[in-house]
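Asker:
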Amino acid sequence: MPEESLRGQVVLVTGGGRRIGRVIALTFARAGADVAVNYFNSRAEALRTLKEIQALGRSAIALRADVSKPAEVRRMFSQVKRRFHRLDVLVNNAGIFFPVRWDRLSEKDWDRVLEINLKGPFFAAQAAAKMMLARKRGHIINISSLGGLQAWPSYMHYCASKAGNIMLTRCLARALAPRIRVNSIAPGTILFPDEERTPALRRSIRGTPLKRPGRPEDIAEMALCLATHGDYITGQVFVVDGGQSIP
Numbered sequence: 223m224p225e226e227s228l229r230g231q232v233v234l235v236t237g238g239g240r241r242i243g244r245v246i247a248l249t250f251a252r253a254g255a256d257v258a259v260n261y262f263n264s265r266a267e268a269l270r271t272l273k274e275i276q277a278l279g280r281s282a283i284a285l286r287a288d289v290s291k292p293a294e295v296r297r298m299f300s301q302v303k304r305r306f307h308r309l310d311v312l313v314n315n316a317g318i319f320f321p322v323r324w325d326r327l328s329e330k331d332w333d334r335v336l337e338i339n340l341k342g343p344f345f346a347a348q349a350a351a352k353m354m355l356a357r358k359r360g361h362i363i364n365i366s367s368l369g370g371l372q373a374w375p376s377y378m379h380y381c382a383s384k385a386g387n388i389m390l391t392r393c394l395a396r397a398l399a400p401r402i403r404v405n406s407i408a409p410g411t412i413l414f415p416d417e418e419r420t421p422a423l424r425r426s427i428r429g430t431p432l433k434r435p436g437r438p439e440d441i442a443e444m445a446l447c448l449a450t451h452g453d454y455i456t457g458q459v460f461v462v463d464g465g466q467s468i469p
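Heads up: the sequence shown begins at 223 in our numbering, then just goes up one per residue.
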């Protein structure tokens, strides 16, 4: 990917302070973008990410907002507009993931996952699109999951939210064309540096044709590719799973 390919552009990454979001934020910064880093609970991590971005010579801001609250989302985008006066790319990365047996799944669990993983991306996309349409171009990238394409019994609330996220991507792509492109990335098994290889993870890796877990960088590089080289791509889901989903 050419260096400085996003110079002068502004990117907002929800859940951008840690894990995949952090790597996405830094990857876009290395490509020349100024970055708004959204966080909710992980303030210390977001501030560390902010300093890393600034050390690259980019402008950055950390914004606290619960993406499941539309009023907080709108306020966050107002802050982006005041600081940068534009928005070129939104990466809807914030999400929540935990297992619950079907017979123990509570209304509270269901609502919380759907609010963050589906409601949040819609209202963020709605606010982003209003800014992008003023400039007549932009790109929205939704981070979905292999769980949006497969049935995981202990994660049915999560799978439902991510399947909805994929359909949301397609609907937004239709609604916002031709000015704004909307695509989705569906990661498979991702291993973080501080995680140990549990028996379940080792089984997952053995069942993956490429015989390794995904890295956060694999997802970030796909997002950057879409933002810089995807002018004729919209409404698509890009599965980044090492072949794990091959039938």
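Using N, Cα and C, we set each Cβ at its ideal position, and we do this for glycine too.
Just how far apart, CA to CA, sit G457 and N263?
Answerer: Near 31 Å, if we compare the C-alpha coordinates of N263 and G457.
Asker: Could you tell me which residues DSSP puts in a beta bridge with R286?
Answerer: In the DSSP output, where bridge partners are listed per residue, R286 has Y261.
Asker: So, helix, strand or coil for F460, using DSSP?
Answerer: Strand at F460.
Asker: Here's the rule: buried if 16 or more other CB atoms are within 10 angstroms of the residue's CB, otherwise exposed. What is R484?
Answerer: In the structure as shown, the chain starts at 223 and stops at 469, and residue 484 therefore has no counterpart that could be examined.
Asker: Quick check: the segment 428 to 447 against the segment 239 to 255, are there 3 or more CB pairs under 8 Å?
Answerer: These segments touch.
Asker: May I ask you to list the residues that DSSP assigns as paired with G360?
Answerer: Paired residues: I402.
Asker: In angstroms, rounded to a whole number, what distance separates the CA positions of G452 and L340?
Answerer: Rounded to the nearest angstrom, the two C-alpha atoms are 24 Å apart.
Asker: So for G342, helix, strand or coil by DSSP?
Answerer: Here G342 sits in helix by DSSP.
Asker: Got a sec, what are the start and stop residues for the alpha helix (DSSP H) L309 sits in?
Answerer: Segment: none, L309 is in no alpha helix (DSSP H) and carries neither H nor E.
Asker: Ordered along the chain, which non-local residues of its own chain (more than five positions away) have a Cβ less than 8 Å from that of A350?
Answerer: Excluding residues within five positions, the ones whose Cβ falls inside 8 Å are L234, F299, L309, L312, G360, I362.
Asker: Could you check where the alpha helix (DSSP H) with V245 kicks off and where it finishes?
Answerer: Unbroken alpha helix (DSSP H) run through V245: 241 to 252.
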